[in-house]
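A.B. asks: Our numbering applies: residue -16 is where the sequence shown begins, and numbers increase by one.
Ideal placement from N, C-alpha and C gives every residue a C-beta, glycine not left out.
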Amino acid sequence: MNQLIDVKAVAPPKQSVPRKGSGQVASTEEYQALYRQSIENPTLFFGEQARKLLHWYRDFDTVVSGDFYGFSNPPSWFNGGLINACYNAVDRHANETPNQIALIYEADDERLNYNVTYEELLARVCQTAQMLKSIGVKKGDIVTVYMPTIPETVYTILAICRIGAMFSLVFAGFSPNSLRDRIQHANSRVVITTDQALRGGKVVETKSLVDQALEGTDCVEHVVVVERTGAKVNMVEGRDFSYNKTVPTFGVYCPVEWVDSEHPFFLMYTSGSTGKPKGLQQSTAGFLLGTVLSSKHVFGVSQGDVYFCAADVGWVLGLSHAIFGPLLNHATTIIFESTPLHPTPTRLFDVIDRHKATHLYTAPTVLRLLRQHDEGQIKKYDLSSLRCLGTAGEPIAKDVWEWYFNEVGRRRCSICDTYWLTESCMVMLTTIPGVSNMKPGAAGMPFFGVKPKLLDDKGHEITSRPAEGTLVFKNPWPSMARTVRGDHQRYQETYLKPFPGYFFTGDGAVFDKDNTIFITGRVDDVVNVSGHRISTAEIESAIMTAQAENLSIASETAVIGVNDDVTGQALNAFIVLEPHFQDKGHAKVVEHAIEHVAKGIGKFAVPKRLFLVKDLPKTRSGKIMRRVLRKIASGEEDQLSDLSTLSEPAVIDHIIQVVKASSSQPRARL
């Protein structure tokens, strides 16, 4: 904790102060007044914001009812209102500025790039909606979308919303088994996919994967295939048909299906590091308001902006901030099909330069990659259009933050290290650009309507500062996931019952003397070694600050506990070395790490085994899958359970080999 409470604040650059007329919070006083109102009178605050930022076919009667305290009366928002997500994202802007660019498609091969205006977007969405209706998709049905980040995916998602159906987003590349589980759980009659997907110059056989997933299932009646590459693929007669050949035959108008505020909007499966995926169900109005508020007041998005969220639309970050956030705010969004390193490590900077992007939103994992490959080429690109830089998915290391601020933002852009969850669908903690001071590595301050609290092990609120504990949220907010579909008891037991009256995040946090919030890691990663309760996050922090030759040793680390016959549990550390140490003597480097942990925490906190690995297993959103490391270190690599959210499957075999080659001594293995 001591390392976090001494972090020095960086003043917001003058260039990042919100533009006049943007509607964004423009001063500390304005933020404090709005935040106070959102906590003391959420009915007034969220009612005003919902009416101001969204179009309602019928106004709502009540803003919010229910709470966290009684499980029989869960929170419900904007009851009585009728709304439509597609109308809010497309129609109202197409009517006002039909020729404004809505989508900039940045293809895997940039020679295939093209733009889509709001008028064209509306037409394509309506044609897709007509196609869906023609095969029987109706209000309340769940359509599984298994597609890469291309314009047709945006058309499809918006078309599903337009007719009042739900979508279940599955990242294009999940295994057939994972896809099958999701299709069956959602009971989807329709699956929409592509013949193939292209990502980073590699081909993903999406249609073939769908075919394998559907073996042994009987719920799917139709598979719609977008011809992304034109490859010849298997088409099952009577079930499969071409999107490209069918959709253009329909008219360019389809009426809007207005739905209740609490109408189920989409399913998003998440496993984080906990195992079997949960099908989180979102509501329509709550998601729309949480997303439009986050985009407008955190990032200052408005008409005229070019927003670049370099995330796949198959994940909640891409869904919220590559599609709905920019479109709800009448901006232009870049739909990025490729990867940050394809065809060169400067691809993202080239995209910003060519399209004059005003915002960049990505994960610290991506930034670490870009920094490792930066050999000065970044200075060749004109990044002066950037106004705000965002990160999400995990805390950002101080050195990566400084590189992002100095080299990408050129010290002109505020950095918003946003903290939020798939379960929240709204930024919960953040820096307010141009308004609040920035502390490298800090999630920042609470967003509107968010009341963060710090609890001790007994569930009591910690009011002293600085302090460390479990992060929870006191109040319900509009965009929180409503349930785990088909298993509301799991929702309650995961989020509401651990600390009754609070929403349990599963994360630990430090509140410094200024009430700035730092995320420290999962609170369930507490290990008991010979009677010592040790936070693995604290040990990870010690390893990350260890140095040799005045240089940081580790670029990433994960510490887990495994069963031990002598001590009850034993600590194991997995370390990814910084590039400058990867070719040097490992034993000496590991000695420095051990010594640093022993001095900083105590000898009892020194891991029993340290493994030097090339990478760590992470979800697509950048979270380290510690349960996987725990299984491997325990010799249970044949019981890894669901790996559908794993970003790089090849890393598993590498780690297994490293662990198998190890001994019980605290020394590194490769």
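Taking the C-alpha atoms as reference points, what is the distance between I615 and D598?
C.D. replies: 14 Å
A.B. asks: Bridge partners of Y88, per DSSP?
C.D. replies: Y97, I318
A.B. asks: Give the straight-line distance between the Cα atoms of V559 and C202, rounded to the nearest whole angstrom.
C.D. replies: 44 Å
A.B. asks: Name the residue from L272, T232, G199 whose alpha carbon lies nearest to the alpha carbon of R694.
C.D. replies: An answer regarding residue 694 cannot be provided, because it is not within the stretch -16 to 653 covered by the chain.
A.B. asks: Compare the beta carbon distance of I526 and A588 with 7 Å and say whether it is the shorter of the two.
C.D. replies: no
A.B. asks: Can you give me the C-alpha to C-alpha distance between V289 and E406, rounded to a whole angstrom?
C.D. replies: 27 Å
A.B. asks: Count the other CB atoms, across all protein chains shown, that sit within 10 Å of the CB of I118; report buried if there are 16 or more and exposed otherwise.
C.D. replies: exposed
A.B. asks: How close, in whole Å, do the beta carbons of F431 and L17 come, if the pair is a contact with beta carbons under 8 Å?
C.D. replies: 6 Å
A.B. asks: Under 7 Å, Cβ to Cβ, is there at least one residue of chain D near S171?
C.D. replies: Considering every chain present, this structure includes no chain D. It has just one protein chain.
A.B. asks: Kindly indicate which three-state DSSP category G269 falls into: helix, strand or coil?
C.D. replies: helix
A.B. asks: With a threshold of 8 Å, are at least 3 pairs of Cβ atoms found where one atom belongs to the stretch 145 to 161 and the other to the stretch 118 to 131?
C.D. replies: yes
A.B. asks: Could you name the residues of the same chain whose beta carbon sits closer than 7 Å to that of A520, not counting the 5 residues immediately before and after it, in chain order?
C.D. replies: Within the same chain, A520 has close Cβ partners G491, T503, G504, D508.
A.B. asks: Taking just the CA atoms, how far does E620 sit from I654?
C.D. replies: The question about residue 654 has no answer, for the chain in this structure spans -16 to 653.
A.B. asks: Once DSSP output is grouped into helix, strand and coil, what is the label at M463?
C.D. replies: If DSSP states are grouped into helix, strand and coil, M463 belongs with coil.
A.B. asks: What span of residues does the beta strand (DSSP E) with F291 cover, start to end?
C.D. replies: 289 to 292
A.B. asks: Express the C-alpha separation of K643 and Y101 in angstroms, rounding to a whole number.
C.D. replies: 56 Å
A.B. asks: Pull up the distance between the alpha-carbon of T139 and that of F61, whole angstroms please.
C.D. replies: 26 Å
A.B. asks: Within 8 Å, do at least three Cβ pairs link the stretch 61 to 72 to the stretch 465 to 472?
C.D. replies: no
A.B. asks: How many whole angstroms separate the CB atoms of P590 and V634, which I take to be in contact at a CB cut-off of 8 Å?
C.D. replies: 20 Å between Cβ atoms; not a contact.
A.B. asks: Quick one: what does DSSP say G258 is sitting in, helix, strand or coil?
C.D. replies: A caution first: G258 carries a pLDDT of 48, below 50, which makes its placement in the model unreliable, though a value can still be read off. Of the three classes helix, strand and coil, the one that applies to G258 here is coil, per DSSP.
A.B. asks: Could you spell out the range, first to last residue, of the beta strand (DSSP E) harbouring I361?
C.D. replies: Run containing I361: none; DSSP gives neither H nor E here.
A.B. asks: What is the rounded straight-line gap between the Cα of Y236 and the Cα of G184?
C.D. replies: 36 Å
A.B. asks: Where does L623 sit, in a helix, a strand or coil, going by DSSP?
C.D. replies: coil
A.B. asks: Note down the Cα distance separating P57 from G417, rounded to an integer number of angstroms.
C.D. replies: 37 Å
A.B. asks: List the endpoints of the continuous alpha helix (DSSP H) containing D400.
C.D. replies: Run containing D400: none in the alpha helix (DSSP H); it sits in the beta strand (DSSP E), 397 to 400.
A.B. asks: May I ask you to report which of helix, strand or coil DSSP gives D243?
C.D. replies: strand
A.B. asks: How many Å lie between S419 and R222 at the Cα?
C.D. replies: 55 Å
A.B. asks: Going by alpha carbons, who is nearest to C144 out of N67, P378, H76?
C.D. replies: N67
A.B. asks: Can you tell which of E220, W241, V209, M218 has the C-alpha that lies nearest to the C-alpha of K228?
C.D. replies: Proximity to K228 across E220, W241, V209, M218 peaks at V209, based on C-alpha coordinates.
A.B. asks: Can you give me the C-alpha to C-alpha distance between T257 and E631, rounded to a whole angstrom?
C.D. replies: Residue confidence is low: T257 scores 45 on pLDDT, short of 50, so the model does not pin down where it sits. No coordinate-derived value is stated.
A.B. asks: Does DSSP put V173 in a helix, a strand or coil?
C.D. replies: In the structure shown, V173 falls within a strand segment according to DSSP collapsed to helix, strand and coil.
A.B. asks: Just to confirm my understanding: we take L404, look at its own chain, exclude 5 residues before and 5 after, and list those with CB closer than 8 Å. What are they?
C.D. replies: M411, T488
A.B. asks: At 4 residues or longer, what runs of the alpha helix (DSSP H) sit wholly inside the stretch 432 to 510?
C.D. replies: 471 to 474
A.B. asks: Considering only DSSP beta bridges, list what C371 is partnered with.
C.D. replies: Looking at the DSSP assignment, C371 forms a beta bridge with H342, S397.
A.B. asks: Return helix, strand or coil for P655, following the three-state DSSP convention.
C.D. replies: Any property of residue 655 remains undetermined from this structure, which presents the chain solely from -16 to 653.
A.B. asks: Do H579 and A529 come within 7 Å of each other at the CB atom, strictly closer than that value?
C.D. replies: yes
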